[in-house]
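One structure is given here, and the rest of the page talks about it.
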Amino acid sequence: MSVQNQSCACGETDQERAYAQIANIIDLYKNKQGSLIQVLHLSQEIYGYLPLELQEFIAKNMDIPLSEVAGVVSFYSFFSTVPRGKHTIRVCLGTACYVRGGKRVVENLQQKLGIDLGETTKDGIFTLEVARCIGSCGLAPAMMIDEKVYKQVNVNKLDSILSDYNDNEENEVINL
Amino acid sequence: MINMTINNQPVQADDGLTIMEAALRNHINIPNLCYLKDIHQAGVCRICVVEVEGAKNLQAACTTHVRDGMVVNTNTEKIRRYRKVLYELMLSDHSQDCLSCLRNQTCEFQALGKLLGVESSRFEGKRSQYHIDASVAITRDMSKCILCRRCVTACGEIQETCVLAPQNRGFDTEISPAMGLPIGTVDCAFCGQCTVVCPVGALRGTTATDKVWDALGNSKLRTVVQIAPAVRVAIGEEFGFEPGARVTGKLAAALHRLGFNDIFDTNFTADLTIIEEGTELLHRVENALTGKPAVLPMITSCSPGWIKFVEHQFPEQLGHLSTCKSPHTMLGALAKSYYAESIDVNPEDMYVVSVMPCTAKKFEIAREEMRNRNCQNVDAVLTTRELAEMIKSAGIDFKTLPDEEFDNPLGMSTGAADIFGLTGGVMEAALRTVYELITGRELPFENLHVTPIVGLDQVKEAAVTITDPVPKYEFLNGVTVRVAVTSGLAGARKLMEQIEKGESPYHFIEVMGCPSGCIMGGGQPRSRDENVRAKRLAGLYTEDESKTLRKSHENPFVEELYAKYLGEAGGHLSHELLHTHYVKRGGFNELSGLSYSIDPDPEHKRKVQPREHSHGASAMPAKSTREEQASPQLLELTAENARLKGELADANETIEILKGVFNKTN
Chain E
0 MSVQNQSCAC GETDQERAYA QIANIIDLYK NKQGSLIQVL HLSQEIYGYL
50 PLELQEFIAK NMDIPLSEVA GVVSFYSFFS TVPRGKHTIR VCLGTACYVR
100 GGKRVVENLQ QKLGIDLGET TKDGIFTLEV ARCIGSCGLA PAMMIDEKVY
150 KQVNVNKLDS ILSDYNDNEE NEVINL
Chain A
0 MINMTINNQP VQADDGLTIM EAALRNHINI PNLCYLKDIH QAGVCRICVV
50 EVEGAKNLQA ACTTHVRDGM VVNTNTEKIR RYRKVLYELM LSDHSQDCLS
100 CLRNQTCEFQ ALGKLLGVES SRFEGKRSQY HIDASVAITR DMSKCILCRR
150 CVTACGEIQE TCVLAPQNRG FDTEISPAMG LPIGTVDCAF CGQCTVVCPV
200 GALRGTTATD KVWDALGNSK LRTVVQIAPA VRVAIGEEFG FEPGARVTGK
250 LAAALHRLGF NDIFDTNFTA DLTIIEEGTE LLHRVENALT GKPAVLPMIT
300 SCSPGWIKFV EHQFPEQLGH LSTCKSPHTM LGALAKSYYA ESIDVNPEDM
350 YVVSVMPCTA KKFEIAREEM RNRNCQNVDA VLTTRELAEM IKSAGIDFKT
400 LPDEEFDNPL GMSTGAADIF GLTGGVMEAA LRTVYELITG RELPFENLHV
450 TPIVGLDQVK EAAVTITDPV PKYEFLNGVT VRVAVTSGLA GARKLMEQIE
500 KGESPYHFIE VMGCPSGCIM GGGQPRSRDE NVRAKRLAGL YTEDESKTLR
550 KSHENPFVEE LYAKYLGEAG GHLSHELLHT HYVKRGGFNE LSGLSYSIDP
600 DPEHKRKVQP REHSHGASAM PAKSTREEQA SPQLLELTAE NARLKGELAD
650 ANETIEILKG VFNKTN
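Just so you know, the sequences run in chain order E and A.
Reminder that position 98 of the first sequence reads as 97 in numbering that gives the first Met the number 0, one-by-one numbering, no gaps.
Reminder that position 346 of the second sequence reads as 345 in numbering that gives the first Met the number 0, one-by-one numbering, no gaps.
Now the structure itself:
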């Protein structure tokens with residue numbers, strides 16, 4: 000699943016288009032019991048994140064109380080209510096990864112990026128999160144950046160891993 | 000009927016009961032916390048766990064149903080230990096400032112600790128840090144919340160307003176409006192039902208006692224107090240009377256002793272409301288019958304929680320609301336005009352206090368619309384519970400007080416006003432007067448009670464056909480007036496949806512925001528008497544029947560008020576003082592954007608520490624120190640040091656876990 004970031008740069012029309020797309024999705028799922036998570040999931044893919052206004056829109060159109068929508072959004076760590084970075088780093092802290100040093104990877108990333116868990120770097124490139132087991136226990140400690148899984152990560156490998164993404168970003172900035 | 004065994008005693012129980020109910024009927028009390036009969040039986044707190052033979056785990060007695068041949072133990076060593084651990088775990092994340100908590104000694108959590116014999120609190124650790132979220136009507140202090148979710152049930156399933164819901168997860172869970180928005184900024188109706196069910200001090204009405212004590216101590220102020228109908232059959236419970244006991248005379252005496260200058264009765268303006276609202280209804284019906292524009296059905300507007308609800312949820316339907324203010328704001332407006340003029344007091348030197356069964360009334364007086372001539376109509380609202388506290392703290396022995404009377408000219412009322420405090424009462428009072436105005440005859444029901452709308456059902460309806468009216472109301476001849484009554488916001492929503500679709504068959508609807516009406520309002524004493532509703536209801540009907548005058552238009556002081564001051568019902572002065580308008584708010588408060596949040600009282604202000612992140616990773620050095628560390632060598636050493644420390648901590652953790660495992664297996 001790709002997490003697109005249309006939050007900051009999007010003009011009025013982009014936002015309207017996103018809302019129209021989300022309205023279509025809601026129409027599809029509206030009368031199906033227990034489809035809120037699916038709608039939120041797709042909405043986040045379209046809009047990038049789930050701010051209060053979007054949650055209100057979903058609550059109103061699905062006829063579900065806002066407090067319940069917000070309850071679901073805040074329950075699952077996958078959902079975000081703040082704009083996210085271009086890339087999402089998810090460090091696995093499942094049992095195997097935790098024992099093999101996942102915690103140290105997290106600490107080191109926090110230090111390198113200068114952000115806390117759940118936050119996004121100032122340049123908007125990375126969002127740092129932890130995951131509870133990504134199913135790659137054999138590769139522990141594992142970490143994901145967007146869709147890509149990195150195996151047996153340790154503190155020394157982090158710089159080279161991150162530089163891949165940083166370089167791309169710099170090029171793009173220059174192009175702009 | 001099934002046969003089962005509880006604590007080695009053979010007992011019989013009805014099919015379909017829970018273990019908790021079956022035990023209670025056999026006089027066995029199972030300790031419980033979140034359980035609230037018929038309201039909240041969700042097995043959340045697990046305190047009521049019992050041993051059921053054959054079951055793998057302990058079972059929650061409040062949700063497990065009885066079976067034939069079931070063998071249950073409610074009091075074994077294992078259960079006692081289990082309950083204590085559960086209690087201590089809850090206690091470990093509970094702000095333990097019990098001595099300065101309003102619920103001290105009325106706290107169910109505190110009482111449970113005593114019951115379980117908890118003497119220590121073994122689990123020290125991180126605590127949730129929350130700020131106090133105060134609004135004009137309801138104050139939330141989530142540091143005291145034990146996550147029992149009774150309020151979620153009251154808000155979501157009983158009132159169907161769904162303002163409060165669990166947010167976040169695990170240790171971070173908080174019962175709150177969406178995204179932690181302040182309660183004063185969302186679509187909360189301030190009905191206060193959550194404050195009635197809250198077992199601890201987490202949800203409460205925003206107290207006004209300090210303000211009222213200050214006013215009473217200020218000799219420059221003329222203090223006026225008024226009492227709502229439902230208070231007089233409930234406040235006795237705080238002093239050991241049965242629910243429904245009528246303590247009107249003692250209440251008046253207590254207020255005199257507290258030092259109020261004038262003791263008035265909201266009942267007086269309830270009578271007045273009937274005249275004003277009845278006139279408005281007749282006017283609307285006449286317009287409708289003669290082809291003029293008229294919005295029908297008309298809906299009562301005495302219940303400020305209901306008003307706020309409809310302003311949020313049905314902002315396009317506000318035309319259906321009667322424009323009458325609620326009785327207590329009418330009384331405030333009259334005290335500061337009619338009465339102030341008659342005793343030659345500057346309205347600005349007058350302080351009007353309302354004693355109400357309601358938390359929403361606290362919000363109502365803060366509305367911009369509830370002001371006349373630069374003065375707030377009512378200056379402070381005390382709930383029934385707060386007044387009881389004040390009486391106790393003033394050292395007044397309520398039980399032995401003599402009966403005293405309310406003061407005139409705003410203290411006299413008819414029986415019709417008493418029943419304003421219960422569901423169906425406003426409608427019945429209105430019908431008594433309107434029917435008689437139209438036909439010149441008394442309402443044709445035994446004892447004046449409109450039987451189809453008496454009782455506690457969610458939506459009740461009645462129809463009265465007008466025959467042989469007086470000449471003025473000839474246009475009503477043969478018309479069948481249809482009325483409906485509901486209490487609780489869930490029923491109100493149903494009737495409003497009908498109106499929205501244009502399918503409402505009614506002319507007049509009475510809505511009270513709380514289930515059963517004001518007798519079960521959000522400011523009333525918390526009762527665990529199963530029959531509390533019926534008892535308070537009976538109390539008010541008896542109060543009504545005990546009076547000689549039982550129809551609002553018979554109140555001589557109301558007649559005098561119109562003759563001396565207001566002129567005619569629905570006239571110019573009435574409109575200035577007694578009528579109001581409403582605000583479109585919208586479901587997310589997006590239409591008005593008005594906020595009713597306030598700063599918590601200074602006395603409740605605490606040192607609030609920023610909330611810690613509770614994610615898996617441990618706290619990192621602060622950002623500033625990170626920047627200060629300039630030398631790369633030092634940085635490297637520090638990193639290595641941190642890594643080794645982390646490894647050591649991990650190793651220690653593993654040792655602890657293994658120790659635990661070994662101990663268990665041994």
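Each residue gets a CB set at the ideal place from its N, CA and C atoms; glycine is no exception.
Item                                                                                                                   : Value
Straight-line Cα distance separating T205 of chain A from K606 of chain A                                              : Bear in mind that a pLDDT of 43 at K606 of chain A, under 50, signals an unreliable position, so the number given afterwards is only what the model happens to contain. Distance between the alpha carbons of K606 of chain A and T205 of chain A: 20 Å.
Sequence-distant residues of the same chain with beta carbon closer than 7 Å to S76 of chain E, five excluded per side : E128
Amino acids of chain A, ordered along the chain, whose beta-carbon sits closer than 8 Å to that of V68 of chain E      : A177
Burial state of V84 of chain A, where buried means 16 or more other Cβ atoms lie within 10 Å                           : exposed
Start and end residues, alpha helix (DSSP H) containing D543 of chain A                                                : V531 to E544
Reduced DSSP category for N103 of chain A - H, G, I as helix; E, B as strand; rest coil                                : coil
Buried versus exposed call for D543 of chain A [16 or more other C-beta atoms within 10 Å across all chains shown]     : buried
Under the three-state DSSP convention, the category E367 of chain A falls into                                         : coil
Short Cβ contact (7 Å threshold) for Y350 of chain A with L220 of chain A                                              : yes
Presumed contact (8 Å Cβ cut-off) between N74 of chain A and N25 of chain A, rounded CB distance                       : Rounded, the Cβ-Cβ distance is 13 Å, inconsistent with contact.
With 16 other Cβ atoms within 10 Å as the buried cut-off, status of E666 of chain A                                    : Shown here, chain A extends from 0 to 665; a query on residue 666 of chain A therefore has no answer.
Whole-Å CB distance - A359 of chain A paired with G304 of chain A, under 8 Å assumed                                   : 4 Å
C-alpha distance - N72 of chain A paired with V49 of chain A, whole-angstrom precision                                 : 6 Å
Contact check, T579 of chain A vs E368 of chain A, beta carbons under 7 Å                                              : yes
Beta-ladder partner(s) of N662 of chain A, from DSSP                                                                   : DSSP, once it has assigned bridges, lists no residue as partnering N662 of chain A.
Span of the alpha helix (DSSP H) around T268 of chain A                                                                : T265 to L288
For Y350 of chain A, the residue or residues it bridges with in DSSP                                                   : A:T222
Three-way DSSP call (helix, strand, coil) for P303 of chain A in this model                                            : helix
For E279 of chain A, the nearest candidate out of A:M297, A:D264, A:L288 and A:T289 (CA to CA)                         : A:M297
Beta-ladder partner(s) of R139 of chain A, from DSSP                                                                   : A:D132 and A:L202
3 or more residues per run - each beta strand (DSSP E) lying fully within the stretch 432–472 of chain A               : 458–464
Residues that R103 of chain E contacts on chain A, provided the C-beta gap is smaller than 7 Å                         : R642 and G645
Min CB distance P609 of chain A to chain E below 7 Å                                                                   : For P609 of chain A, the predicted structure reports a pLDDT of 42, less than 50, and the residue's modelled location is therefore unreliable. A value from the coordinates is still provided. False, the Cβ-Cβ gap to chain E never drops below 7 Å.
Neighbour-count burial assignment, S99 of chain A, 16 or more Cβ in a 10 Å radius                                      : exposed
Rounded straight-line distance, which links the Cα of G179 of chain A to that of C190 of chain A                       : 19 Å
Per-residue DSSP class, three states only, for D666 of chain A                                                         : Only positions 0 to 665 of chain A appear in this structure, which leaves residue 666 of chain A out of reach.
Below-7 Å beta-carbon distance, C161 of chain A vs any chain E residue                                                 : yes
7 Å Cβ cutoff, L175 of chain E in contact with chain A                                                                 : Its pLDDT being 37, under 50, L175 of chain E is placed unreliably in this model, and the coordinates cannot settle the point.
Three-state class that DSSP yields for V344 of chain A in the structure shown                                          : coil
Length-filtered (3 minimum) beta strand (DSSP E) runs lying within the stretch 12–95 of chain A                        : 48–51 and 70–72
Nearest-angstrom Cβ-Cβ length linking V185 of chain A and V162 of chain A, presumed shorter than 8 Å                   : 6 Å
As assigned by DSSP and simplified to three states, the class of T87 of chain E                                        : strand
R584 of chain A and H319 of chain A closer than 7 Å at C-beta                                                          : no
Backbone CA spacing between I124 of chain E and N376 of chain A [nearest angstrom]                                     : 57 Å
Residues in the stretch 587–600 of chain A having any Cβ partner in chain E nearer than 7 Å                            : F587
M142 of chain E, enclosing beta strand (DSSP E) - first and last residue                                               : M142 to I144
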